[in-house]
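> Below is a structure I'd like to ask you about.
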Amino acid sequence: MRDILTPYLVKRMIDTPQSSEMLSAVIFQSMILIVIVWGIMEVCMRIQGALLIHTLAPIRNSLYEKLTDHVKRYPLSFFKSRLSGNLADKVQGAAQGSETLLSICLISFIPLLSHLFLSLTLTTSVSLKLGGIFLCWMTFHLSMTWNMGVRSLEKTQFSAVARSNLQARILDSFFNIFAVKTFSRESYESTYLKNYLCEELKATQKAQYYLEKVRWVLGGSSLAMLITTLTISYLEWKKEALSLGALTLVIMLLLNLTSFLWYLSMEMIRFKEEFGRVKENLEVLFSGIPEKKPNNQSFIPKGYLSLKNVTFGYDTPLIKDLSFSLSPGKSLAITGLSGSGKTTLMHLLLSHIQVQKGHIEIDGTSIDTLSPIEARNAFAVVPQNPSLFHRSIRDNMIYGNLSACEEDILKALKATHCYPFIQSLPLGLDTIVGDRGDKLSGGQKQRIAIGRALLKKSPILILDEPTASLDEKTAIATIQNVLTVAKKRAILVITHNKKIAALMDHQLHIQ
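Using the working numbering, the first residue of the sequence shown is number 167, and each one after it goes up by one.
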């Protein structure tokens, strides 16, 4: 508005007859009008800023929530085939990129297009010929920009993929920093990363070179338009078809138009680039098949587990015609050589993978008819390699039961022999355990994981090598406590330890 008003007021002053009183009045009115319009624009801009604060950030926040919730609905296999840090980067890129796209539309496209429309209207009111030339050039310029932006989309997406791969490799190196330092492979990691650095650099430079090509073309178009319009304006003024004030107005509007059109073109290119990155991120985030939603809200498991001729394998059968049953108050030890399918059995029970033949039933209901969430509610699990959240011990414990009170937590910790070492910590239960619990020893993590599982009031307890990091005496004492505390549950223990297996009511050896 201000950029259009100023040329118009200059024209008005130049075209005003040289009568001192009239010229003085026009100048005074123009100055007052400039101040008023400036004030109105400032108020409008502050209102715009307030609206953006209450619009863009909430939209980005909502996208974070919705995308995260969507990704969490994917099966475990989706996460195993991708780096978790890479997925987090995709969620962040999609949410922030969407905010950027909306910001470009609201802050750049709408004001700039409004400015161009008003400038074109004002120019046409002065000279229909110049207005027509402006319109044709603007249409050609913006069409060319859009088409070149579409062509740059593939290069931008390729660059985004390369950047994402680089970030994923850096995260992978950091996640495995213990192995890096233990094997003294800092130099190797740097060399390994160079391939991804070179790939990202080439992809980025290719996209940037194309952008420079676009700028050359658009710059040439703007220069040609500037020369053409100035020449026509000058000739029109020589023929007295334009007044001196009108000539001044046209020149000032032309310079403004060129600048704003250039800026609009760059914003269109940036929009396309950002759109490419968002598209690439969303393609990854929506590439999986979500798990089935809960459909049997009334299903309350009692703990009767039954397997009938269950078969599962990859290239060759891993589990073949496996059948057994387990009732509440009973315990079963599953033994077998490494790689015989014991942990795979746990994943079958938890619906992380699907049986290829046979049936798994909970209380006589096939888990095929239940959603994964409904099936998993029947189980409390201690995995072979427990991973804790980068939160306090208390937060990790109540993950098994969000309504657990302090007394419940302490009972579970005492049952798993965690209480003595937690008492020795300066912050006790409020101690932050570090990334995946790395501030704790392997045995401490396992015992906290067992305590967390005990807090979950599920009728079936699955322990997959739950004491592998403990000495034999502590391991046996811990399992005996678990059998006492969870005596009303069905307990399934996967173990190589013969003494622990002997504590169970039944044993099953998988070949």
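The beta carbon of each residue, even a glycine, is placed where N, CA and C say it ideally should be.
Pull up the DSSP beta-bridge partners for Ile680, would you.
As shown, the chain starts at 167 and ends at 677. That puts residue 680 outside it, with no answer to give.
> With C-beta atoms as the reference, is Met304 less than 8 angstroms away from Leu427?
Yes.
> So the candidates are His662, Val209, Gln673, Val237; which of them puts its Cα closest to the Cα of Leu448?
Out of His662, Val209, Gln673, Val237, Val237 has the C-alpha closest to the C-alpha of Leu448.
> Near Ser607, which residues of its chain fall below 8 angstroms by C-beta distance, leaving aside the five closest residues on each side in sequence?
Answer for Ser607: Ser635, listed in chain order.
> From Ala407 to Thr287, what distance separates their C-alpha atoms?
One C-alpha to the other measures close to 18 angstroms.
> According to DSSP, simplified to helix, strand and coil, what is Asn114?
The structure shown does not extend to residue 114, since the chain spans only 167 to 677, so no value can be given for it.
> Between Ala544 and Leu536, what straight-line distance do the alpha-carbon atoms span, to the nearest angstrom?
Distance between the alpha carbons of Ala544 and Leu536: 11 angstroms.
> Identify, in the order they occur along the chain, each residue of the same chain with its Cβ nearer than 6 angstroms to the Cβ of Glu440, setting aside the five sequence neighbours on each side.
Closer than 6 angstroms at the Cβ level, and outside the excluded window around Glu440, lie Gly263, Thr266, Leu267.
> Near Lys459, which residues of its chain fall below 7 angstroms by C-beta distance, leaving aside the five closest residues on each side in sequence?
If we look at Lys459 and ignore the five residues flanking it on each side, its Cβ neighbours are Ser537.
> Flag this pair as yes or no: are the beta carbons of Ser497 and Ile657 separated by less than 8 angstroms?
Against a cut-off of 8 angstroms, the Cβ pair of Ile657 and Ser497 comes out as a contact.
> Can you confirm whether the segment 517-535 touches the segment 585-594 when touching is taken to mean that 3 or more C-beta pairs between the two stretches lie within less than 8 angstroms?
Short answer: they don't touch.
> Please list the terminal residues of the continuous alpha helix (DSSP H) segment that includes Glu527.
First-last for Glu527: 523-528, but that is the beta strand (DSSP E), not the alpha helix (DSSP H).
> Quick one: using the 10 Å Cβ neighbour count with 16 as the cut-off for buried, is Val119 buried or exposed?
The question about residue 119 has no answer here: the residues shown for the chain are numbered 167 through 677.
> Below 8 angstroms, can you find three or more Cβ-Cβ pairs linking the segment 374-385 to the segment 316-331?
Enough Cβ pairs lie closer than 8 angstroms, so yes.
> For Lys695 and Leu620, what's the separation of their Cα atoms in angstroms?
No statement about residue 695 is possible, as the shown extent of the chain runs from 167 to 677 and does not include it.
> Among Leu272, Ala390, Val201, Ala328, which has the Cα closest to the Cα of Phe300?
Phe300 has its Cα closest to that of Ala390, out of Leu272, Ala390, Val201, Ala328.
> Is Lys665 closer than 8 angstroms to Ile628 when the C-beta atoms are compared?
It is not a contact, given that the beta carbons lie outside the stated cut-off.
> Name the DSSP bridge partner or partners of Ala499?
The partner list for Ala499 (beta bridge, DSSP) reads Val659, Gln673.
> For the pair the segment 384-401 and the segment 344-361, tell me if three or more CB-CB distances fall below 8 angstroms.
The segment 384-401 is not in contact with the segment 344-361.
> DSSP on Thr696, reduced to helix/strand/coil?
Residue 696 lies beyond the residue range present for the chain, which begins at 167 and ends at 677; the question has no answer from this structure.
> Should Val292 and Val416 be called a contact, given that it needs their Cβ atoms to be closer than 8 angstroms?
Their beta carbons are under 8 angstroms apart, which means Val292 touches Val416 by this criterion.
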